[in-house]
Every structure is written in C-alpha cells, then in structure tokens.
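Asker:
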Amino acid sequence: MKLLRWLARRSGLDIRSPKYSYGVDPVLGFTSARKHAEHWVNSTCGYCSVGCGMQLGVKDGRVVSVRGNPHHPVNLGKLCPKGLAEHYAIEAEGRARYPLLRKNGRLVRVSWDEALDAMVGRFRAVQRKYGPESLGVISTGQLVTEEFYTLGKLVQLGLGTRNYDGNTTLCMSTAVAGYKRSFGSDGPPGAYEDLEHADVILLIGANVAENHPILCTRLEENKAKTLIVADPRVTKTAMMADIYLPVKPRSDLALINAMLRIVIDEELYDKEFVAAHTSGFEELRASLAPYTLDSAAQITGLETALICKTALLYANAKAAFIGWTMGVNHSTKGTETVNAINNLALLTRHIGRPGASPFSITGQCNAMGTREAGFTSAIPGYRKFESREDRKEIARLWNLSPECIPTRRGLAYPDIIEGAVAGKIRALWILGTNPLVSFPNIDVLKHALGNLDFLVVQDGFHPTPTTELADLVLPAAIWGEKEGTYTNSERRVSKVNAAVAPPGEARTDFDIFLALAGRLGCKDELFPGWREPRDAFDEWRRVSAGRLCDYSGMSYAELEASGSIQWPFPPGSRSRASATRRLYGDGHFATEDGRARLLPTQWVPFPEQPNAEFPLILNTGRTVEHWHTRTKTGGISILQRMSPRAWLEMNPQDAARLNLHAHDRVEVISARGRVSRVELRITGIVAPGQVFLPFHFVETNANQITQSAFDPISREPNYKQCAVRVERSPSSPVQPHRNSFRNHSAKGGSP
Ligand SMILES: Nc1nc2c(c(=O)[nH]1)N[C@H]1C(S)=C(S)[C@@H](COP(=O)(O)OP(=O)(O)OC[C@H]3O[C@@H](n4cnc5c(=O)[nH]c(N)nc54)[C@H](O)[C@@H]3O)O[C@H]1N2
Ligand SMILES: Nc1nc2c(c(=O)[nH]1)N[C@H]1C(S)=C(S)[C@@H](COP(=O)(O)OP(=O)(O)OC[C@H]3O[C@@H](n4cnc5c(=O)[nH]c(N)nc54)[C@H](O)[C@@H]3O)O[C@H]1N2
Ligand code: SF4
Ligand SMILES: [Mo]
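Residue numbering for the sequence shown follows the numbering used here, beginning at 218 and increasing consecutively.
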C-alpha cells in the first residue's frame, strides 16, 4: 500500500478519493485510475505505431477513463503510460475551439463559413497569381486513413498542387525509400509476432523501451532469443540487451557492410535464394572490399571480435529479426543504411519466414495509413507516379481522364520550406504537425513562414507555436472524437471510434475536407455522395484491391468484430487469426523482374564533424512520458510531473573537463543558435564527446541548433548528429520563457 501511495503521488493521483479504484498495471507497474464509466467504446491508441487496442470509458458525455482491450492481438489489454493517460488529452487546456482569422494583426474568432471562404479565396488568388504549385500542403501521420485518402484527392486533384508532403518525411520516408529501392515497394515485410519467433534480434537505433513500450512485452515473451542493441547511447533498451554495441554516431553503415563481407567471405549466405530471387550480387560483393574488420572497428569503435560475433550470430540464426527506427532514419545516409540492412536480410534469407524480417518499427499511430493511401510520395495503393499503367488504372477507378493524374511527385517537406524561403511557395496549409518545434534548424523555417502570403494551420490545439503564426487557424477534432482506421507497423488495420463530440465548434478533419471540396466545386466529382468516413473507406477498399496493401476483403463490421486485420486482405481471406502473413514469403518481390535488389552502399562521416569551436556531438530524441511537441502530453499532469522539463545528458569525463556539475543550467550552442538554461545530467549513458537532448520542449528547443542536412534520396533530416559546445549558463535568476508552452498550465491527471 505504501508503494501504491508513492506511485500515486508521483503520478499526480489522489489515492484517497472514493471516486477511484486503483490497479497497478501488470506490465509497467503504472498506477491506473478506473473511473466508473457508463459504457466503453472500442478504439485504438492515437500515439505510437504499436497500435494498441483500447477502450474509452464514457460517463455523462465525457471520456473519464481508458483501459487496454484484452482481446486486441497487439497488446492483450496492456497499455504504456502515455496510452493509459491519453483520455486526459481530450479535455486538456488549450484545445482549439473556434476558427480564427488574422485581422489587423490579431487572430479573431470567425464563423466556419468565413474561415473556409477566406481559405479558398486566398489560396485561389495566390495560385492565380503565382501558378497552382505556389501552394504547399504539409500533413502528418496522425489522421485516420479515411482522412488521408480524402486529403490526397482534395490536394492533388481539387487544389491542383503536387507540392504536398507530410511530417512522415521527418520520420519514415527513409524506410519507405529503402524498401522501395530494395523490394520494389514500401511495406514492412514482418509482424510483431516475429519478435517472439526470432532466435536473434538486432535492434539498430531503436529505443523501444521508451518509444514502443508494449513491444517490450513481446521481447520478454521470447526467452530463447539473443538480443543485440546498437545505439551510441546506453538506452533502457540497450540495458535489456544480451549484447550491446556502443557504435560511434552514424557508423552503422560500416558495421553492416562489415557483417555483409563476413557473410560472403565465410559463405554463410543462402546461395540458392540469392541466385533465384535477387539481383546485383557481384556488384554488392565488389563494393564491400573496403569494409575489412579492422576498418569497420576503427569507424564504429567496436572490437573486431564483437563485430565478428554479431555477424556470425545473425547469419547462423534460424530466424533473425532486424528492427530499426530513428537512429537509422534520421541521417543523410539513412536510405543507404536501410538498403544495407535489407541486403543482410536477403543474403541470409532472413525475410518472409516466421521470426525473420528487416523491420522498420515506424513512429506515429497512422504513418502507415498515409504511406498506403495518402497520395504524397506515391499514388494511393503504392502506385507509382512514373508508371503509365498505374496512372491509367487509378484514373479508371476514379472515373477521371489519365491526364489528371500527376506524372511525378511534387516537392518533399524540406523542399517546400526551401521553396517558401525562395518565394516560390506563397501559401501553405499545415495540418496535424507542429513544425515550429519539430523541424530542424528552426530559424530557416521561421524565415520561410514569414515569407508567405497566407498560412493556414489546422490543429486540435491552440495556441501552439505553429498556430500562433497562422493567418487562419482551423480547429480540428482529435483522437477520441473521430472515426476511421489506423494501420500499425505490422500492417494491421484497427478501428478508431469517436467516444465524444469535439469541443466548441471544432470539426473532424474529414468534415473540413468535404466542406472545402464543396467550396472548391469538386465535391461531386471527387467525393460523390460522401458524408462519413465509411464512404472513403469503401472507395479505398476498391482502390487498394489487388495491390500489396489490399483492403478489399475488409469492412468496418469485420474490423469491429475481429479487433483488427493485417493486409493484404482480399475477399475470402482467412480469419484474422491465420491472417498474420508476411510479405515476400514466396521469394517474389514487387520489382519489374520479381527479384529483390542487392544494393551497394558507402559509409561516409556525418556532416558537421565536431571541431575546436564545437567539440561535442549532439544526439536528440525522445522520452517515454512525452509525445513529440507535447501539445497532447504537455497538458497532462500525470506525465508532465514525471518529465517536467528538458535535460542534457553529458559524460562525467566531459563534465569534469568543463568543470560542470549535476543540475547546473547550461547553454547548448551550435553554429546556428543556442538552447538556454537546460538542466545538466552527468551520466555514463552517453559516451565521452557526445551529449543528448530530448526534442519535446519548445522552451529549450533542440531544433534551434540542429542542422539543415537531408538524406538526398528520402529528404529526411539528419537530426541525430550535429556539432555543439556546452557552457554554464550565466547565473541570472530563471526567467519564465515567453514560449514556455503549457509548462505552467498542466491540467488533467488529478481528480
Ligand atoms: N514516448 C514516445 N514514444 C514515441 C514517440 C514520442 O514522441 N514519444 N514518437 C513516435 C515516433 S513518431 C517515432 S518516429 C518513434 C521513434 O522511436 P526511436 O527511433 O526509438 O526514438 P529516438 O529517441 O528518436 O531515437 C532512437 C535512438 O536512436 C539512437 N541513435 C542516435 N544516433 C544513432 C546512430 O548513429 N546509430 C544508432 N544505431 N543509433 C543512434 C538514439 O540514441 C536513440 O536511442 O517513436 C514513436 N514513439
Ligand atoms: N531534433 C529532433 N526533431 C525531431 C525528431 C527528433 O528525433 N529530433 N523527430 C522527428 C519525428 S520522427 C517526427 S514524427 C516529428 C513529429 O513532429 P510533429 O508532427 O510536429 O509533432 P506532434 O506534436 O505530433 O504534432 C502533431 C500536431 O497535430 C495536432 N493534432 C493531433 N491530433 C490531430 C488531429 O486529429 N487533427 C489535426 N488537424 N491535428 C491534430 C497536435 O496538436 C500537434 O500540434 O518530429 C521530428 N522532429
Ligand atoms: S505502446 Fe504506443 S500504441 Fe501502445 S499504449 Fe503506448 S503509446 Fe499507445
Ligand atoms: Mo516519427
């Protein structure tokens, strides 16, 4: 009981309140409050891509509680701390309630009619003056698939601009590009249950213990595995490993290439599979010449014996799984690193079998949905802009002439921002993302947004650092207030349901899109008779038929009944239990010749190496309690109290050299700017020469100092390395920061 009281206090819960009964979550030891709901609504968690099944407890028209859905195959009733507190986001302070239009420099409340008229009027005026492509749109991985499908058609065909991308380019575009290059299509080939079947699991730059916590329960189920973790930082996940590889920042590509060389030199590869199902073996072999054990040891900082051991364990495993996330993707060499990972899986045939997969763990709840249906970097259904057949087919499905379908994709996210800096993008619509906190090298972004004629921001919260700069703010419903589907990292489609109505005059993104289509005069052509998300889902099922991401056998009724379904799922597919199929089990890939491509890759040092002025390497990332820019979690006291502010991790050797002490306030300075008054943590979690800063906190914004360097193939930012120096802050008293976004207004979580 004492422990319970302590946990409750720490979590901001009043344990004495008779309104609550308390239970300790069996997985995380987290105390959960179960208010007495009148009824429960099945849904899916709206944070990370694990896609846990949830039930929202409703009482008197409010969501008073959530609990894990015991029947959902992903989580079997478990939830992590963010999931357990997600309902507090619905009533958190700072929800956007009314459309706001800037008049005489101030945002003032207007009607929806005035808001949408202003948006269409201004967008069309800009497009008339500067051309259709002077309009840019930046979306997200956090809407439902039905909304992504609708938005894609609306932007590409209704608004008529190709310059449309999402925050997924800050996140998953590297994995998408890597999969397309190696296998001919996007789509993670494996399933979460592979974590239970694999005998060797290699996690590269993936801190699942903080960021995909429920996946850890899968890892724990598998007692027979050897877990290998490659991360420059001794994360909670690294602490779970049997073998920890403390790689130097951005040296993974050299490590994997050395492993590939060992696999080939020792003839540990599957010769039959390679001959029958891949192309490019000889070019790959030749490209590996520089990656001797000695050179790899020098680049990675790992002992040669450790590299050897890792290669042999992986190659000799019955089924080996490689999972990666942002430690790989957030790099100018990200796509090539994904290709090297795929090379390794292909040579050893650790793909398409139970336990065996090269698996991108993904990030946001529905990053997969926008990849499948979103019409940003591909035509819906993983169709290619460049393919005449694909364009003809989609035009036929949509009853349009093939000339309407763009023949190439427009600008990627960073290039839209560059376009605004250059004055080519003149109006921008940002929805479901908060770039003023999340985009690298923020000053460039501020400059870009300052250049625009008109900025629309559509968000569930206001003010946020981005809505504050808007000319028009559109208030959106969020998770808990809307219906549709999410796809998780293992291609599992789950139903999302509304438990309550949105606050004030906020509307679902879906409703906003249809209202805009009406005003643009394209509603009847693009969305004939549509009224609800189900209409979009039904069309998407037809459009996805026969594609890798085939939804055609699914229905809302079946999703509700079975909890979730993995694609591909054509009509007549077997029941959910037996539908956990893997891609490429037959050795046939989505390339023109059906063979997977073995691709040569080359390691180079990361841009902006440390130097005399900026001697430390800055790594940025996440913590379990917070979600990205904290619009959702910053107002939840249960989470905010656990992690109230940013910190900088520094190795004791560096701290001693700089004469810094634990809890000192420090300045973190790069060639682009500084982050002020961060609390110093002195810890061996980071190696000498490296520091780590979470990016969640706008008042100490890591992206004030990160660099504008992007992967040339995927356009993903190099968030994980830049050169900085650290100094003790001047000992002035702490001033409340102008932008200390909701740090002092945390509500929710306490009864
Ligand atoms: N709690 C929480 N969970 C989340 C999110 C959140 O905001 N909060 N966001 C979700 C989203 S959108 C995403 S994309 C995922 C991200 O999930 P992760 O990728 O796990 O998250 P990060 O903390 O960004 O980075 C992962 C790790 O990469 C390591 N790393 C840095 N440089 C290198 C390198 O050169 N090599 C290697 N091997 N590793 C390196 C970092 O030290 C860090 O531990 O999390 C999702 N889940
Ligand atoms: N330095 C550094 N920067 C990073 C990263 C890093 O590791 N280091 N990680 C990058 C990665 S992987 C990611 S994914 C990005 C994430 O960066 P962002 O996308 O900017 O982060 P979020 O806070 O998730 O922003 C989502 C926004 O959508 C709003 N919202 C929520 N639900 C809805 C809805 O249903 N409709 C609408 N219209 N709005 C909604 C939220 O209030 C919030 O403002 O950050 C990137 N930035
Ligand atoms: S692991 Fe991810 S999906 Fe599951 S409860 Fe936590 S945040 Fe939600
Ligand atoms: Mo992400």
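By construction, the Cβ of each residue, glycine as well, lies at the ideal position given by its N, Cα and C atoms.
All of these numbers come straight from a predicted model, not from anything done at the bench.
Shortest alpha-carbon distance to residue 314 belongs to which of 690, 339, 617 and 714?
Answerer: Measuring from the Cα of residue 314, the nearest candidate turns out to be 690.
Asker: Using a Cβ distance threshold of 8 Å, determine whether the stretch 882-898 contacts the stretch 498-509, with at least three qualifying pairs required.
Answerer: no
Asker: For a minimum of 3 consecutive residues, which ranges assigned as the beta strand (DSSP E) are wholly contained in the stretch 816-883?
Answerer: 833-838 and 864-867
Asker: Helix, strand or coil for residue 201? Go by DSSP, reduced to three states.
Answerer: As shown, the chain starts at 218 and ends at 968. That puts residue 201 outside it, with no answer to give.
Asker: How many Å lie between residue 948 and residue 915 at the Cα?
Answerer: 21 Å
Asker: Just mark residue 966 as buried or exposed, buried being the case when its beta carbon has 16 or more other beta carbons within 10 Å.
Answerer: Its pLDDT being 39, under 50, residue 966 is placed unreliably in this model, and the coordinates cannot settle the point.
Asker: Confirm the yes/no value for this check: CB of residue 581, any heavy atom of ligand 2, distance under 7 Å.
Answerer: yes
Asker: Residue 631 and residue 934 look like a contact to me (Cβ under 8 Å); what is the Cβ gap, rounded to whole Å?
Answerer: Rounded to whole angstroms, the Cβ separation of residue 631 and residue 934 is 7 Å, and the two are in contact under 8 Å.
Asker: In chain order, which beta strand (DSSP E) runs of at least 3 residues are fully inside the stretch 421-468?
Answerer: Taking only runs of at least 3 residues, the beta strand (DSSP E) segments lying wholly in the stretch 421-468 are 443-447 and 460-462.
Asker: Checking 8 Å against the spacing of the C-beta atoms, do residue 832 and residue 942 come in under that value?
Answerer: Yes.
Asker: Label residue 488 either buried or exposed according to how many other C-beta atoms from any shown protein chain fall within 10 Å of its C-beta, with 16 as the threshold for buried.
Answerer: exposed
Asker: Can you give me the Cβ contacts of residue 432 inside the same chain, cut-off strictly under 7 Å, excluding the 5 residues immediately before and after it?
Answerer: 267, 409, 412 and 425
Asker: Could I get the ranges of all uninterrupted beta strand (DSSP E) runs contained in the stretch 538-600, with 3 residues as the minimum, in chain order?
Answerer: Taken in chain order, the complete beta strand (DSSP E) segments of 3 or more residues contained in the stretch 538-600 are 574-577.
Asker: In this structure, does DSSP put residue 733 in helix, strand or coil?
Answerer: Looking at residue 733 - three-state DSSP - the assignment turns out to be helix.
Asker: Would the beta-carbon of residue 868 fall within 8 Å of that of residue 822?
Answerer: No; because the gap between Cβ atoms is not below 8 Å, this pair is not in contact.
Asker: Measuring only the C-alpha atoms, how far is residue 651 from residue 913?
Answerer: 11 Å
Asker: Three or more C-beta pairs under 8 Å: does that hold for the stretch 807-815 against the stretch 479-496?
Answerer: With a cut-off of 8 Å, the stretch 479-496 and the stretch 807-815 count as touching, because enough Cβ pairs lie within range.
Asker: Does DSSP classify residue 271 as helix, strand or coil?
Answerer: strand
Asker: Enumerate in chain order the residues of its own chain whose CB-to-CB distance from residue 921 is below 6 Å, with the five nearest sequence positions on each side excluded.
Answerer: 659, 890 and 892
Asker: Determine the direct distance from the alpha carbon of residue 551 to that of residue 819, and round the result to whole angstroms.
Answerer: Looking at the two C-alpha atoms, the distance is approximately 11 Å.
Asker: Is it buried or exposed for residue 577, if we count other Cβ within 10 angstroms and need 16 for buried?
Answerer: Around the beta carbon of residue 577, a 10 Å sphere encloses 16 or more other beta carbons of the protein chains shown; the residue is thus reported as buried.
Asker: Which of the three DSSP states is assigned to residue 512 in this structure?
Answerer: helix
Asker: Assuming residue 597 contacts residue 396 under a Cβ cut-off of 8 Å, what Cβ separation, rounded to an integer in Å, is found between them?
Answerer: No, residue 597 and residue 396 are not in contact; Cβ-Cβ is about 17 Å, not under 8 Å.
Asker: Once you ignore the five residues that flank residue 332 on each side, which residues in its own chain have a CB closer than 7 Å to its CB?
Answerer: 316, 318, 689 and 691
Asker: Residue 730: which of 533, 329 and 856 sits nearest, CA to CA?
Answerer: 329
Asker: If we count the other Cβ atoms within 10 Å of its Cβ and call it buried at 16 or more, is residue 575 buried or exposed?
Answerer: buried
Asker: Excluding the 5 residues preceding and the 5 following residue 835 in the sequence, name in chain order all residues of the same chain whose CB lies nearer than 6 Å to its CB.
Answerer: 908, 939 and 941
Asker: Just to confirm my understanding: we take residue 787, look at its own chain, exclude 5 residues before and 5 after, and list those with CB closer than 8 Å. What are they?
Answerer: Closer than 8 Å at Cβ, skipping near neighbours: 762, 763, 767, 769 and 770.
Asker: How would you write the range of the alpha helix (DSSP H) that residue 945 sits in, first residue to last?
Answerer: Per DSSP, residue 945 belongs to no alpha helix (DSSP H); it is in the beta strand (DSSP E), 939-945.
Asker: Out of curiosity, what's the CA-to-CA distance linking residue 440 and residue 502?
Answerer: 35 Å
Asker: Let's see if you can read the secondary structure: which residues bound the beta strand (DSSP E) around residue 704?
Answerer: Here the beta strand (DSSP E) through residue 704 covers 701-704.
Asker: With a threshold of 16 other CB atoms inside 10 Å of the CB of residue 794, please say whether the residue is buried or exposed.
Answerer: Reliability fails at residue 794, whose pLDDT of 46 lies under 50, so the model's placement of it is uncertain and no value is given.
Asker: With distances taken Cα to Cα, identify the nearest neighbour of residue 549 among 876, 398 and 391.
Answerer: Residue 549 has its Cα closest to that of 391, out of 876, 398 and 391.
Asker: Once you ignore the five residues that flank residue 244 on each side, which residues in its own chain have a CB closer than 7 Å to its CB?
Answerer: Confidence in residue 244 is poor, its pLDDT being 34 and thus under 50, which makes the residue's placement unreliable; the coordinate value appears in the next sentence. Excluding positions up to five away in sequence, the list reads 295 and 434.
Asker: Does DSSP put residue 896 in a helix, in a strand, or in coil?
Answerer: Residue 896 carries a strand assignment under DSSP once its states are collapsed to helix, strand and coil.
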